[in-house]
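One structure below.
Numbering (UniProt numbering), first residue to last: 1 to 372.
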């Protein structure tokens, strides 16, 4: 079907027409235990039962959340029921660098409220600051900011570890913070960290990644963030040799993010079991989604405006899998490339996708800080 909306789409430059991508599937829902198949023109989304060949362990499908994240951060798995952060722990308000670094490193649950602008220590060797399990980091109002350094969610790097260790960092929420000026990544998730929710933040002017997720991390939702004035935005798997840690993991949902003239990696994916990219607004980017090294990515109901390559499967390395449905492309130089089959996200969690035609208005109004 063709999407219609009362919200006007951006005007394409003269001589460059809008390309509306219709749904290319009919969803057939059978009784429990039966197969669910979405057939698409150049690929398909399939149930988790058929995804075993790609190394995906079984999980418990999530219930629809009354409040909180949507997507992989809600799934009950790895001994963690959804993502609750510091709920149930002390609520503290921090205004200084020393206070912030103290509380994010403490054991046990904490809700850490950030008031005002905090400058973190910088540097390639000491500019990343560890966040321990069971933490909520949330900005107060619209002026909470972290500048200079970045946040690391994960144990120290160890390439010999190829399955989740008992002490993997888990259950972390980061919301309503403006990140800028980091000398390394602004947020790095690594070493089998799981159940992470990164929501309603603003990312700009960092030297490396805005949000990098790698080294076996799993069950993550990245939602309602604004990315601008930045180059390397979202990396999912860091290297072509990362398969032993990453295959069957890196299940991440990216939804309702605003890629506001950020340059690349929205996301750039290797090896990931299932990646769900839906209802994001892309504007003036060099490329949107890149799937390589047999990663499985569903690109659904996004709006791409003036994006050179909205979706690729042949980007620097072995081919990935990419299924697209319901997207709208305006003033883009290339179509979305598709290949293979991808596990249907509804096997893991319920969600409702907004029509792609509504995405520019919804996301521009709702993404970023000061919106929660």
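By construction, the Cβ of each residue, glycine as well, lies at the ideal position given by its N, Cα and C atoms. None of these values were measured; they are calculated from a predicted model.
Which whole-angstrom value is the C-beta distance of residue 377 and residue 134, which I expect to be below 8 Å? Beyond the ends of the chain as shown, which are 1 and 372, falls residue 377; an answer cannot be given.
Hey, would you say residue 145 sits closer than 8 Å to residue 180, going by beta carbons? To locate residue 145, count along the chain shown from 1; it is residue 145. To locate residue 180, count along the chain shown from 1; it is residue 180. At the C-beta level, residue 145 and residue 180 come within 8 Å of one another.
Would you list, in sequence order, the uninterrupted beta strand (DSSP E) runs of no fewer than 3 residues that lie entirely inside the region 125-177? Counting only runs of 3 or more residues that sit fully inside the region 125-177, the beta strand (DSSP E) segments are 128-130, 135-139, 145-147, 150-153 and 170-175, in chain order.
Flag this pair as touching only if the region 309-324 and the region 334-343 have three or more C-beta atom pairs under 8 Å; answer yes or no. As far as the Cβ criterion goes, the region 309-324 touches the region 334-343, which means the pair count is three or higher.
Counting only the same chain and skipping the five closest in sequence on each side, list residues whose C-beta sits under 6 Å from that of residue 45. In the chain shown, the residue the question calls residue 45 occupies position 45. Leaving aside the five residues that flank residue 45 on each side, the residues in its chain whose CB is nearer than 6 Å to its CB run, in chain order, 38, 298, 323, 342 and 344.
Among all the DSSP beta bridges, which residues are the ones paired with residue 296? Against the chain shown, residue 296 aligns to sequence position 296. In the DSSP assignment, residue 296 forms a beta bridge with 321.
Can you grab the Cα-Cα spacing for the pair residue 213 / residue 331, in whole Å? Taking the first residue of the chain shown as position 1, residue 213 is located at position 213. Taking the first residue of the chain shown as position 1, residue 331 is located at position 331. Each residue's alpha carbon lies about 30 Å from the other.
Presumed contact (8 Å Cβ cut-off) between residue 132 and residue 174, rounded CB distance: For the purposes of this step, residue 132 is taken as residue 132 along the chain shown, with counting starting at 1. For the purposes of this step, residue 174 is taken as residue 174 along the chain shown, with counting starting at 1. About 13 Å separates the beta carbons of residue 132 and residue 174, which is beyond the 8 Å limit, so they are not a contact pair.
Measure the alpha-carbon distance for residue 178 versus residue 225 and round it to whole angstroms. Indexing the chain shown from 1 puts residue 178 at position 178. Indexing the chain shown from 1 puts residue 225 at position 225. One alpha carbon belongs to residue 178, the other to residue 225, and they sit about 10 Å apart.
Quick one: using the 10 Å Cβ neighbour count with 16 as the cut-off for buried, is residue 252 buried or exposed? Here the question's residue 252 lines up with position 252 in the chain shown. Buried.
Inter-residue spacing [alpha-carbon to alpha-carbon] between residue 357 and residue 276: Residue mapping note: residue 357 aligns to position 357 of the chain shown, counting from 1. Residue mapping note: residue 276 aligns to position 276 of the chain shown, counting from 1. Residue 357 and residue 276 have their C-alpha atoms some 19 Å from each other.
Measuring only between beta-carbons, confirm whether residue 98 sits less than 8 Å from chain C. Of the protein chains in the structure, only one exists, and it is not chain C.
Should the region 265-284 be regarded as contacting the region 231-238, the criterion being three or more beta carbon pairs within less than 8 Å? Enough Cβ pairs lie closer than 8 Å, so yes.
Could you compute how far the alpha carbon of residue 164 sits from the alpha carbon of residue 158? The residue you call residue 164 lines up with position 164 of the chain shown. The residue you call residue 158 lines up with position 158 of the chain shown. Roughly 12 Å separates the two Cα atoms.
Among 292, 303, 73 and 302, which has the Cα closest to the Cα of residue 319? By one-based count along the chain shown, residue 319 stands at place 319. Looking only at 292, 303, 73 and 302, the smallest Cα-Cα distance to residue 319 is reached by 292.
Would you report the Cα separation of residue 256 and residue 136, rounded to the nearest angstrom? The residue you call residue 256 lines up with position 256 of the chain shown. The residue you call residue 136 lines up with position 136 of the chain shown. Taking the CA atoms as reference points, residue 256 sits about 21 Å from residue 136.
Classification of residue 295 by the beta-carbon crowding that lies within 10 angstroms, buried from 16 upward: In the chain shown, counting from the first residue as 1, residue 295 sits at position 295. Residue 295 is buried by the Cβ-count criterion.
Can residue 183 and residue 71 be called in contact, C-beta distance under 8 Å? Taking the chain shown and counting its residues from 1, one reaches residue 183 at position 183. Taking the chain shown and counting its residues from 1, one reaches residue 71 at position 71. Result no, Cβ atoms of residue 183 and residue 71 do not sit closer than 8 Å.
If you reduce the DSSP assignment to three classes, tell me which class residue 315 lands in. The residue you call residue 315 lines up with position 315 of the chain shown. Looking at residue 315 - three-state DSSP - the assignment turns out to be coil, as it is neither helix nor strand.
For residue 241 and residue 99, the rounded distance between their alpha carbons: As a working mapping, residue 99 is identified with position 99 in the chain shown. As a working mapping, residue 241 is identified with position 241 in the chain shown. When only Cα atoms are considered, residue 99 and residue 241 end up about 38 Å apart.
Residue 99 lies in the alpha helix (DSSP H); which residues open and close that run? For the purposes of this step, residue 99 is identified with residue 99 of the chain shown, where counting begins at 1. Taken as a continuous stretch (DSSP letters only), the alpha helix (DSSP H) holding residue 99 covers 97-105.
For residue 291, the residue or residues it bridges with in DSSP: Working through the chain shown from its first residue, we reach residue 291 at position 291. According to DSSP, residue 291 bridges with 269.
Chain-order list of residues whose beta-carbon lies under 7 Å from that of residue 260 (same chain, five-residue window excluded): Taking the first residue of the chain shown as 1, we reach residue 260 at position 260. Closer than 7 Å at Cβ, skipping near neighbours: 226, 227, 228 and 283.
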